[in-house]
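Visitor:
Protein chains: 2
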Amino acid sequence: MPAVTIRDVARRAGVGIGTVSRVLNSSPSVSRETRQRVLAAIEELDFTPHPIARRLSLGKTLSIAVIVPFFTRPVFVERLRGIEHALAQSEYDLVLYNVETTERRDICFREIPRRERADGLLIISLSPQDEDVKRFLQADVPTVVIDGRHPEIHRLVIDDVEGGRLATEHLIELGHRKIAFISDFLENRFGFVSSLDRFEGYYQALELADIPFHPEYLKQGKHSQMAAHRLALELLSLPDPPTAIFAASDTQAIGVLGAAREMGLEVPEDLSVVGYDDIEAAEYLHLTTMNQPSFALGTKSVQLLMAV
Amino acid sequence: MPAVTIRDVARRAGVGIGTVSRVLNSSPSVSRETRQRVLAAIEELDFTPHPIARRLSLGKTLSIAVIVPFFTRPVFVERLRGIEHALAQSEYDLVLYNVETTERRDICFREIPRRERADGLLIISLSPQDEDVKRFLQADVPTVVIDGRHPEIHRLVIDDVEGGRLATEHLIELGHRKIAFISDFLENRFGFVSSLDRFEGYYQALELADIPFHPEYLKQGKHSQMAAHRLALELLSLPDPPTAIFAASDTQAIGVLGAAREMGLEVPEDLSVVGYDDIEAAEYLHLTTMNQPSFALGTKSVQLLMAV
DNA sequence: CCGCGCTGTGGAACCGGTTCCATAGCATTT
DNA sequence: AAATGCTATGGAACCGGTTCCACAGCGCGG
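Protein chains in written order, with this note's numbering: chain R, 1 to 308; chain P, 1001 to 1308.
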């Protein structure tokens, strides 16, 4: 079955190739009658335009590259889902790149932002460095960063400071004054900033309520249930243990719940736990959690990218 | 900054375009000296070959389309992660399509399997119909289905019957004889078969142990924690309630745990619960679960696709 | 009747690679 | 010395679209 091209259609319809192309792109300057003939020929030959050829002559790739770190994490998946949903309604393909090491991230940041590679670039939760951004701008590929920071890049920011503050204030309103914060490493090789911001909010809330910040109530570790579990055990074994724990993500909050159970503590009677990210499991775990509109953030990022 | 092409490189190096192309594709028939000159010119001009042009003249798209349903579900994400990992090391792009409605599925099955669209197609957990498969074969696009069924398609199957049997036998060995099965709809519009197979395994295990199958111990509902929660409440309110529940996925198993807690039952003392899929949360929930090598399945599917 | 403008159309040139054919240069064989 | 073969190379043709320029045909105003 040899490929049917625009020239075959033109011959069949008895018109020129330009006319076929005009019909395909619904140009107004084709007479009604000619258009009918061409459409009939397309139908008869079961013709589909060749996307690659189209891209080459348009000088566009018609694809959007999406760089997402660790898409095992529910928030990232949910944002990606939003992005996919928005792109499905456009003529753009979604080309996916997952990043789980800094090496891979650097390769992605170096090689993907090229005009001939993608018409647009969406980056989730990674903060490009100055030299990366310089390359992005030089390559002239529209770029939007979700939940990352760099002054010279279009970005959708999440007010994690506010979120951290609200979560902490919630605990304070419940009467707690000994509130601990468990998070993944605030300084990390991937430049994730959400936990840092949530910590900032936590700190502000304490300050506003005149509660002194206890450094031993801040615990950092790998982003996993297991690590958070261990950190929570440490906290709960302190001479003066906290009565509430704010975890920087639900994944970590689940680890805290495990630790509480291991220590024989009831949640929320003996220990209040607040998580962050709104994973589905939260409601079954007596877990208060901060809701993030991740899906909407994904669709919004696509709109922003298209407007750039 | 005008795009640098192979012709610019040829002029700079004082060679023909064919030679540049040969250097780019590391053809052996270029003299050492000429190769050096060309490489120097490439370096000086910061030349990168234009992928789209390459694809057009190669007649390949250099991309693999991946169709995945509901990639909120952890198993699907994990398989996708395996696929991404394998493709990252190849020259192929991963173009992602998420399916959450049957309409979207049908559109994907109709439009994506075209030679000019993708060099290969990976389908996760969806079973194409005969007419779809006919189109796949006619379009001559290598296709691999993970965890779906159709005799004429290359596929990676998971022995969910065996898995269901093992899970149920585990419960039987613990001494249970009143074992219920909670799952999403066994007959569904998406053609998901894993739960059906697990049910088949459950049934076989009962039969082998001479335990009669009680239809009221089979509960079907939407795939969500909430739905499973309700179904579990129904089960536990039966005049003769089960002492063990096998849930077709961990997501549903979490719902069962919630229901047990609501009824004041301790797990596993008062009720045994077995899940399926190996989500990370399992270990914190006193949940026994059947492990699935999802990531490996993803990488394997890519290998299989490449070998087709 | 001429010139002008407008509409609809044909097709060459172009996008930037790869591939194949022709050929030059040189060594080897007869 | 002629024939043969091998290696390295140049560049036209090609992949299948889009776009732009040229032009035909027609109506209209002067």
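The C-beta atom is built at its ideal place from N, Cα and C for all residues, glycine as well.
What you are looking at is a predicted structure, and each value in this text was computed from that prediction instead of being measured.
Quick check: residue 1052(P) and residue 52(R), are their CB atoms within less than 8 Å of each other?
Guide: Counting from one through the second sequence, the residue named residue 1052(P) turns up at place 52. Counting from one through the first sequence, the residue named residue 52(R) turns up at place 52. For residue 1052(P) and residue 52(R), yes; Cβs fall inside 8 Å.
Visitor: Given that residue 93(R) touches chain P, what residues does it touch there, using C-beta distances under 7 Å?
Guide: By 1-based counting over the first sequence, the position of residue 93(R) is 93. By Cβ distance, chain P contributes 1095.
Visitor: Strictly under 8 Å for the Cβ-Cβ distance: is residue 1223(P) near chain R by that measure?
Guide: Translated into the one-based positions of the second sequence, residue 1223(P) becomes position 223. Output row for residue 1223(P): interface = no.
Visitor: Are at least three pairs of beta-carbons, each pair with one atom in the region 115-129 of chain R and one in the region 144-152 of chain R, less than 8 Å apart?
Guide: Contact between the region 115-129 of chain R and the region 144-152 of chain R is present, because at least three Cβ pairs lie under 8 Å.
Visitor: Would you check whether the ligand ATP has a heavy atom nearer than 7 Å to the C-beta of residue 1108(P)?
Guide: The ligand ATP is absent from the structure shown, which contains no ligand whatsoever.
Visitor: Check the C-beta distance from residue 232(R) over to residue 182(R) and give it rounded, since I have them as a contact under 8 Å.
Guide: As a first step, residue 232(R) is located in the first sequence; it is residue number 232 there, counting from the start. As a first step, residue 182(R) is located in the first sequence; it is residue number 182 there, counting from the start. Their Cβ separation, rounded to whole angstroms, is 6 Å, which keeps residue 232(R) and residue 182(R) in contact under 8 Å.
Visitor: So, do the region 126-140 of chain R and the region 148-161 of chain R have three or more beta carbon pairs nearer to each other than 8 Å?
Guide: The answer is yes - the region 148-161 of chain R touches the region 126-140 of chain R, with three or more Cβ pairs under 8 Å.
Visitor: Name the chain R residues whose beta carbon is nearer than 7 Å to that of residue 1061(P)?
Guide: As a first step, residue 1061(P) is located in the second sequence; it is residue number 61 there, counting from the start. Residues of chain R passing the Cβ test: 52.
Visitor: Threshold first: 3 residues or longer. Then list the beta strand (DSSP E) segments lying entirely within the region 1039-1063 of chain P, N to C.
Guide: Within the region 1039-1063 of chain P, no complete beta strand (DSSP E) run reaches 3 residues.
Visitor: Within 10 angstroms of its Cβ, does residue 1031(P) collect 16 or more other Cβ (buried), or is it exposed?
Guide: Position 31 of the second sequence, counted from the first residue, corresponds to residue 1031(P). By the neighbour-count rule (16 or more Cβ atoms within 10 Å), residue 1031(P) is not buried but exposed.
Visitor: Taking DSSP as the reference, what is the three-state secondary structure of residue 1178(P)?
Guide: Position 178 of the second sequence, counted from the start, is the residue given in the question as residue 1178(P). Residue 1178(P) falls in the coil class under three-state DSSP.
Visitor: Would you check if there are 3 or more beta carbon pairs closer than 8 Å linking the region 88-106 of chain R to the region 1092-1104 of chain P?
Guide: With the cut-off at 8 Å, the region 88-106 of chain R and the region 1092-1104 of chain P touch.
Visitor: Going by alpha carbons, who is nearest to residue 274(R) out of 247(R), 261(R) and 295(R)?
Guide: Counted from its first residue, the first sequence places residue 274(R) at position 274. Looking at the Cα atoms, 247(R) is the closest of the given residues.
Visitor: Chain R beta carbons: is any one of them nearer than 8 Å to that of residue 1206(P)?
Guide: Within the second sequence, numbered from 1, the residue matching residue 1206(P) stands at position 206. So, not an interface residue.
Visitor: Which chain P residues sit within Cβ distance under 7 Å of residue 311(R)?
Guide: With chain R running from 1 to 308 in the structure shown, residue 311(R) is simply not present.
Visitor: For residue 290(R), which of 298(R), 299(R), 297(R) and 279(R) has the nearest alpha-carbon?
Guide: Here residue 290(R) refers to the residue found at position 290 of the first sequence. That would be 279(R), whose Cα lies nearest to the Cα of residue 290(R).
Visitor: Kindly list, in the order they appear in chain P, the residues whose Cβ is closer than 8 Å to that of residue 110(R).
Guide: As a position in the first sequence, residue 110(R) is number 110, starting the count at 1. By Cβ distance, chain P contributes nothing, its closest Cβ being about 11 Å from residue 110(R), past 8 Å.
Visitor: List the residues of chain P that residue 98(R) touches, going by C-beta distances under 8 Å, in chain order.
Guide: As a working mapping, residue 98(R) is identified with position 98 in the first sequence. The contacting residues are 1081, 1084, 1085 and 1088.
Visitor: Find the residues of chain P that neighbour residue 48(R), judging by a C-beta separation of less than 9 Å, and give them in chain order.
Guide: Here residue 48(R) refers to the residue found at position 48 when the first sequence is read from its first residue. Chain P residues near residue 48(R): 1111, 1114, 1116 and 1117.
Visitor: Could you tell me how far apart the beta carbons of residue 1082(P) and residue 1305(P) are, in whole angstroms, since I believe they sit closer than 8 Å?
Guide: Taking the first residue of the second sequence as 1, we reach residue 1082(P) at position 82. Taking the first residue of the second sequence as 1, we reach residue 1305(P) at position 305. So it is not a contact: roughly 12 Å between Cβ atoms.
Visitor: Starting from the N-terminal side, write out each stretch of the beta strand (DSSP E) that is 3 residues or longer and does not extend beyond the region 225-290 of chain R.
Guide: Fully enclosed beta strand (DSSP E) runs of 3 or longer: 244-247, 272-276 and 288-290.
Visitor: Taking Cβ positions, are residue 192(R) and residue 105(R) nearer each other than 8 Å?
Guide: As a position in the first sequence, residue 192(R) is number 192, starting the count at 1. As a position in the first sequence, residue 105(R) is number 105, starting the count at 1. No, the pair does not count as a contact, with Cβ atoms beyond the cut-off.
Visitor: Between the region 1015-1047 of chain P and chain R, which residues of the former have a C-beta closer than 8 Å to a C-beta of the latter?
Guide: Answer in chain order: no residues at all.
Visitor: Measuring only the C-alpha atoms, how far is residue 1301(P) from residue 1069(P)?
Guide: Here residue 1301(P) refers to the residue found at position 301 when the second sequence is read from its first residue. Here residue 1069(P) refers to the residue found at position 69 when the second sequence is read from its first residue. Each residue's Cα considered, the two are about 16 Å apart.
Visitor: Any Cβ of chain R within less than 8 Å of the Cβ of residue 1299(P)?
Guide: Counted from its first residue, the second sequence places residue 1299(P) at position 299. No, no contact with chain R.
Visitor: Measuring only the C-alpha atoms, how far is residue 1165(P) from residue 62(R)?
Guide: Along the second sequence, one-based indexing puts residue 1165(P) at 165. Along the first sequence, one-based indexing puts residue 62(R) at 62. About 48 Å.
Visitor: Cα separation between residue 238(R) and residue 217(R)?
Guide: Translated into positions along the first sequence, residue 238(R) becomes position 238. Translated into positions along the first sequence, residue 217(R) becomes position 217. Cα to Cα, the separation comes out at about 9 Å.
Visitor: State the DSSP-derived secondary structure class of residue 1074(P), mapped to helix, strand or coil.
Guide: Taking the second sequence and counting its residues from 1, the one referred to as residue 1074(P) is at position 74. Of the three classes helix, strand and coil, the one that applies to residue 1074(P) here is helix, per DSSP.
Visitor: Since residue 1085(P) and residue 1308(P) are thought to touch, with beta carbons under 8 Å apart, how far apart are those beta carbons, to the nearest angstrom?
Guide: As a working note, residue 1085(P) is residue 85 in the second sequence. As a working note, residue 1308(P) is residue 308 in the second sequence. Contact flag wrong, Cβ pair sits at about 19 Å.
Visitor: Residue 1234(P): which of 1259(P), 1267(P) and 1207(P) sits nearest, CA to CA?
Guide: Here the question's residue 1234(P) lines up with position 234 in the second sequence. For the residues 1259(P), 1267(P) and 1207(P), the minimum Cα distance to residue 1234(P) belongs to 1259(P).
Visitor: Tell me which residues share the same chain as residue 1087(P) and place their Cβ nearer than 7 Å to its Cβ, disregarding the 5 neighbours each side in the sequence.
Guide: Indexing the second sequence from 1 puts residue 1087(P) at position 87. Closer than 7 Å at Cβ, skipping near neighbours: 1064, 1094 and 1302.
Visitor: When the Cα atoms are used, what is the spatial distance from residue 1074(P) to residue 72(R)?
Guide: Numbered from 1 along the second sequence, position 74 holds the residue referred to as residue 1074(P). Numbered from 1 along the first sequence, position 72 holds the residue referred to as residue 72(R). Approximately 8 Å between the Cα atoms of the pair.
Visitor: Please check the pair residue 206(R) and residue 213(R), which I expect to be a contact at CB under 8 Å, by giving their CB distance rounded to whole angstroms.
Guide: Here residue 206(R) refers to the residue found at position 206 when the first sequence is read from its first residue. Here residue 213(R) refers to the residue found at position 213 when the first sequence is read from its first residue. Right, their Cβ atoms sit about 5 Å apart.
Visitor: Inspect the beta-carbon positions of residue 161(R) and residue 210(R) and report whether they are closer than 8 Å.
Guide: As a working note, residue 161(R) is residue 161 in the first sequence. As a working note, residue 210(R) is residue 210 in the first sequence. Their beta carbons are not under 8 Å apart, which means residue 161(R) does not touch residue 210(R) by this criterion.
Visitor: Could you work out which residue in 1257(P), 1114(P), 1012(P) and 1110(P) is closest to residue 1224(P) when comparing CA atoms only?
Guide: Here residue 1224(P) is taken as the residue at index 224 of the second sequence, counted from 1. If we check each option's Cα against that of residue 1224(P), 1257(P) comes out closest.
Visitor: Would you mind stating whether residue 1174(P) and residue 1272(P) have Cβ atoms separated by less than 8 Å?
Guide: Locating residue 1174(P) in the second sequence gives position 174, counting from the first residue. Locating residue 1272(P) in the second sequence gives position 272, counting from the first residue. In this structure, residue 1272(P) lies closer than 8 Å to residue 1174(P) by Cβ.
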